[in-house]
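Below is one structure, written out as structure tokens; the observations come after it.
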Amino acid sequence: MTEKIKTGLCVLALLLALLAAYTQEMAYRSLPDRGTAVQPASFVVVQAG
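Sequential numbering of the sequence shown, starting at 10, is according to the working numbering.
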């Protein structure tokens, strides 16, 4: 009986995580595109000495 409860809670947690990811994705897609994409930082090599 305890294993069924644990399994049910795990499935519920997984479904809630999927729902949260879906709603976050839909909220992100509904934002107006401001044209300000995140630029990757350039790497700087610093020599010690």
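No residue lacks a Cβ here, since even glycine has one placed at the ideal position from N, Cα and C.
Please confirm whether residue i has its beta-carbon closer than 8 Å to some beta-carbon of chain D.
{"i": "Thr-11", "result": "The chain labelled as chain D is not found in the depicted structure, where only one protein chain is given."}
Could you check the C-alpha separation between residue i and residue j for me, to the nearest Å?
{"i": "Leu-21", "j": "Gln-33", "result": "18 Å"}
{"i": "Tyr-31", "j": "Cys-19", "result": "18 Å"}
{"i": "Gln-56", "j": "Ala-29", "result": "45 Å"}
{"i": "Leu-23", "j": "Gly-17", "result": "10 Å"}
{"i": "Val-54", "j": "Leu-40", "result": "37 Å"}
{"i": "Tyr-37", "j": "Ala-26", "result": "16 Å"}
With a CB to CB cut of under 7 Å and the five nearest residues on each side skipped, what residues in its chain are close to residue i?
{"i": "Lys-13", "result": "none"}
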